[in-house]
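Taking it in order: structure first as structure tokens, then the write-up.
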Amino acid sequence: MTASERYDIVIVGGGMVGSMLAALMVQSSIRIAVIESVTPKAFDPDSLPDLRVSAFSPASKKMFEQVGAWSNIEAMRHCPYAHMRVWEEPENLLVKKLLSGHGNETHFKAEEVGQSALGYIVENRILQLALQQVLEQSSNVDLLMPEELQNLERQGDEVQLYLKSGKQLTASLVVGADGAISQVRKAINIGVRSLDYPQHALMALMQMDGPQQDVTWQHFTPTGPQSFLPLPDVNGQSYGAAVWYHTPDQIQKLQKMPLDEFQDQLLDTFPERLEGVQKVMAKGSFPLTRRHAHNYVKPGFALVGDAAHTIHPLAGQGVNIGMQDVAMLAEQLLKAQDANEPLGSINVLKIYEKKRIQENRKMICAMEFFYRTFSNDSAPAALIRTLGLGIAERAGPLKKQVIRYAMGL
Ligand SMILES: Cc1cc2nc3c(=O)[nH]c(=O)nc-3n(C[C@H](O)[C@H](O)[C@H](O)COP(=O)(O)OP(=O)(O)OC[C@H]3O[C@@H](n4cnc5c(N)ncnc54)[C@H](O)[C@@H]3O)c2cc1C
């Protein structure tokens with residue numbers, strides 16, 4: 260019989276969220292294992308930017324600084340942005356007429372709230388590598404990679420985990436940080452409320468003219484937003500990503516197109532502000548599903564990040580709310596450790612669940628509101644949102660509040 264290695268906490272999934280949870284506890288005496296099935300490719304400064312990138316907030320950046328991972332990101336690459344523009348050109352003639360003379364764009368600037376950046380765009384792999392570098396140097400965390408969870412069962416106050424390699428682990432608490440199709444969530448029978456959006460997203464990597472940009476923008480159309488994200492320079496060459504939201508059929512068609520044909524279609528359809536595209540280098544598409552777990556915890560178990568919730572990415576808040584989950588969970592676990600309480604105790608875990616489930620529900624509702632209001636071609640909706648964008652631009656203190664909220668400050 261294989262001997263089982265004992266940990267206080269086993270985190271299944273060493274993506275951005277699971278790795279951050281472990282990194283927040285590296286200074287403690289808690290013994291932690293992180294199981295990650297895919298070893299991320301090492302950073303190569305000459306490689307093209309990945310298609311999977313995240314815009315993350317200054318609040319999330321603070322967490323990377325706190326755990327000592329921000330300098331690792333800086334040693335690789337990232338792209339801060341100081342401006343965000345959001346606008347709509349109404350197609351409806353009546354709406355156009357009613358709005359003539361009114362602004363239809365909001366321009367958020369970091370300087371309006373005394374900051375140098377509204378957020379940062381970083382490749383998901385770089386965020387993960389930066390955190391894993393912190394874990395590799397710690398004495399209380401073992402990063403088991405590549406290792407995949409096969410099965411788990413609760414035995415008394417402990418959880419027994421069986422890995423595909425044949426290894427066995429025992430833990431007081433198992434955290435499911437294993438993404439949207441979480442095996443941990445399934446194994447412990449926590450259900451989810453979910454909705455497949457009739458909209459998919461396509462990300463295109465573009466080689467651009469000029470220096471690295473510091474503006475991200477979003478143009479709303481009735482079929483979905485069209486966005487631009489600036490990306491970090493590679494060897495003095497600048498890059499950007501176009502994000503195209505449309506019906507699943509249309510996105511499938513665009514995904515199948517050869518790159519040169521796709522580039523023509525992109526330049527014909529996206530607003531003129533997408534200037535300076537030299538060449539589309541790669542593209543990839545993603546289905547969009549909203550999910551929310553009925554519970555985040557059970558005795559001996561907790562869910563965090565995409566394992567607990569996925570949201571429409573139009574406001575780029577997915578990772579940020581995952582980071583808030585692990586900040587709260589780590590706080591409760593460190594308190595429990597100090598008070599000598601069992602880490603898998605439902606009383607400890609319920610505090611985490613209560614605080615985060617309510618906040619995440621609010622964010623899910625807000626994203627739902629944006630999605631429904633901005634992907635809709637009825638004239639009243641077009642009038643309200645275009646007026647809203649113009650009013651937001653002139654809203655003074657309220658606009659500053661919105662900026663600070665989006666920055667997580
Ligand atoms: C098109 C698109 C654009 C997005 N843009 C943004 C954005 O701009 N800003 C933002 O904040 N969010 C964005 N998001 C959301 C963001 O990508 C997710 O919220 C984020 O990746 C969640 O991180 P996570 O660590 O919870 O899960 P994941 O990133 O899915 O990580 C889960 C990890 O668990 C591992 N794993 C899974 N199963 C097992 C197993 N059985 N054993 C061991 N390991 C396992 C996986 O290999 C993986 O590394 C976007 C999402 C999409 C689809």
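Residues in the sequence shown are numbered from 260 upward in steps of one, following my numbering. Glycine included, every Cβ here is placed at the ideal spot set by N, Cα and C. Values in this document were obtained by computation on a predicted structure and should not be read as measured data.
Q. Is it a yes or a no for the segment 420-439 touching the segment 479-488, going by three-plus beta-carbon pairs under 8 Å?
A. no
Q) Does the segment 531-539 touch the segment 457-466, meaning 3 or more C-beta pairs lie closer than 8 Å? A) yes
Q) So is I623 buried or exposed if we call it buried at 16+ other beta carbons inside 10 Å? A) Residue mapping note: residue 623 aligns to position 364 of the sequence shown, counting from 1. Buried is the call here.
Q: Verify the contact flag: I294, CB atom, against every heavy atom of ligand 1, threshold strictly below 7 Å.
A: Here residue 294 refers to the residue found at position 35 when the sequence shown is read from its first residue. Result yes, Cβ under 7 Å from ligand 1.
Q) Touching or not, the segment 439-451 and the segment 401-415, by the rule of three or more beta carbon pairs under 8 Å? A) yes
Q. Between the C-alpha atoms of A500 and H342, what's the straight-line distance to the nearest angstrom?
A. Translated into positions along the sequence shown, residue 500 becomes position 241. Translated into positions along the sequence shown, residue 342 becomes position 83. Cα to Cα, A500 sits roughly 16 Å from H342.
Q: Taking only runs that begin and end inside the segment 276-320, name each unbroken beta strand (DSSP E) of 3 or more residues, in chain order.
A: 291-294 and 312-315
Q. Would you say A541 and Y555 are within 8 Å of each other, going by their C-beta atoms?
A. Counting from one through the sequence shown, the residue named residue 541 turns up at place 282. Counting from one through the sequence shown, the residue named residue 555 turns up at place 296. Cβ distance not < 8 Å, so A541 and Y555 don't count as in contact.
Q | V285 and S397 closer than 8 Å at C-beta | A | For the purposes of this step, residue 285 is taken as the residue at position 26 of the sequence shown. For the purposes of this step, residue 397 is taken as the residue at position 138 of the sequence shown. Yes; because the gap between Cβ atoms is below 8 Å, this pair is in contact.
Q: Using alpha carbons as the reference points, say which of E417, Q325, S306 and G581 lies closest to S604.
A: Sequence index remark: in the sequence shown, residue 604 carries index 345 (1-based). Cα-wise, what sits closest to S604 is E417.
Q.
For the pair the segment 578-586 and the segment 268-284, tell me if three or more CB-CB distances fall below 8 Å.
A. yes
Q. If you pair each beta-carbon of the segment 312-321 with each one of the segment 594-609, do three or more pairs fall below 8 Å?
A. no
Q.
Less than 8 Å between C-beta atoms, sequence neighbours within five positions excluded: which residues of the same chain meet that for F629?
A. Numbered from its first residue, the sequence shown carries residue 629 at position 370. So the list reads H571, L573 and A574, once near-sequence residues are dropped.
Q. Under three-state DSSP, which class holds K594?
A. Taking the first residue of the sequence shown as 1, we reach residue 594 at position 335. Of the three classes helix, strand and coil, the one that applies to K594 here is helix, per DSSP.
Q) Beta carbon of D492: closer than 7 Å to some heavy atom of ligand 1? A) Taking the sequence shown and counting its residues from 1, one reaches residue 492 at position 233. D492 Cβ: outside cutoff for every heavy atom of ligand 1.
Q) Of the choices V326, G564 and R384, whose alpha-carbon is the least far from that of R615? A) Looking up residue 615 in the sequence shown gives position 356. It is G564.
Q: State yes or no: is the C-beta of H553 within less than 8 Å of the C-beta of I449?
A: As a first step, residue 553 must be located in the sequence shown, where it is residue number 294. As a first step, residue 449 must be located in the sequence shown, where it is residue number 190. In this structure, I449 lies closer than 8 Å to H553 by Cβ.
**Q.** Buried or exposed by the 16-neighbour rule on C-beta atoms within 10 Å, applied to N331
**A.** Here residue 331 refers to the residue found at position 72 of the sequence shown. Its Cβ being crowded by 16 or more others within 10 Å, N331 is buried.
Q: Just list the beta strand (DSSP E) runs in the segment 536-609, keeping only unbroken ones of 3 residues or longer that don't cross its boundaries, in chain order.
A: 536-552 and 560-562
(Q) Considering just the uninterrupted stretch of the beta strand (DSSP E) at K368, what are its terminal residues? (A) Your numbering for residue 368 matches position 109 in the sequence shown. Run containing K368: E364 to K368, per the beta strand (DSSP E) assignment.
Q) Y498: which of A262, L588, L307 and F545 sits nearest, CA to CA? A) Counting from 1 along the sequence shown, the entry for residue 498 is found at position 239. When only C-alpha atoms are compared, the closest one is L307.
Q. For M343, which residues does DSSP report across the bridge?
A. In the sequence shown, the residue the question calls residue 343 occupies position 84. Paired residue(s): F367 and T475.
Q: Counting only runs of 3+ residues fully inside the segment 433-479, write out the beta strand (DSSP E) ranges in chain order.
A: 451-467 and 474-479
(Q) What I want to know is whether the C-beta of Q458 ends up closer than 7 Å to one or more non-hydrogen atoms of ligand 1. (A) One-based indexing of the sequence shown puts residue 458 at position 199. Checking every heavy atom of ligand 1 against the Cβ of Q458, none is found closer than 7 Å.
**Q.** Every unbroken alpha helix (DSSP H) inside the segment 489-544 [4 residues or more]
**A.** 507-515 and 518-528
Q | Residues near I510 in its chain [Cβ-Cβ closer than 6 Å; skip 5 each side] | A | Taking the sequence shown and counting its residues from 1, one reaches residue 510 at position 251. Here the set comprises H459, L461 and S544.
Q: Label D267 either buried or exposed according to how many other C-beta atoms from any shown protein chain fall within 10 Å of its C-beta, with 16 as the threshold for buried.
A: As a working mapping, residue 267 is identified with position 8 in the sequence shown. With 16 or more Cβ atoms within 10 Å of its Cβ, D267 is classed as buried.
**Q.** Any non-hydrogen atom of ligand 1 within 7 Å of N399 CB
**A.** For the purposes of this step, residue 399 is taken as residue 140 along the sequence shown, with counting starting at 1. False, no ligand heavy atom lies under 7 Å from that Cβ.
Q.
Between N619 and ligand 1, is there a pair consisting of the residue's CB and a ligand heavy atom that are separated by less than 7 Å?
A. Numbered from its first residue, the sequence shown carries residue 619 at position 360. No, the Cβ of N619 stays beyond 7 Å of every heavy atom of ligand 1.
Q. Taking DSSP as the reference, what is the three-state secondary structure of V326?
A. Here residue 326 is taken as the residue at index 67 of the sequence shown, counted from 1. DSSP places V326 in coil when its eight states are reduced to three.
Q | C-alpha distance - A389 paired with K321, whole-angstrom precision | A | As a position in the sequence shown, residue 389 is number 130, starting the count at 1. As a position in the sequence shown, residue 321 is number 62, starting the count at 1. Answer to the nearest angstrom: the Cα atoms are 14 Å apart.
Q.
Here's a check: name, in chain order, each residue in its chain whose Cβ is nearer than 8 Å to the Cβ of L526, leaving out the five neighbours to either side.
A. Position 267 of the sequence shown, counting from 1, holds the residue named residue 526. The answer, listed in chain order, is L533 and V536.
Q) Would A262 be called buried (16 or more neighbouring beta carbons within 10 Å of its own) or exposed? A) Mapped onto the sequence shown, residue 262 falls at position 3. That one is exposed.
Q.
Measuring only from the beta carbon, is V539 closer than 7 Å to any heavy atom that is part of ligand 1?
A. Within the sequence shown, the letter at position 280 stands for residue 539. Answer for V539: no, Cβ out of range of ligand 1.
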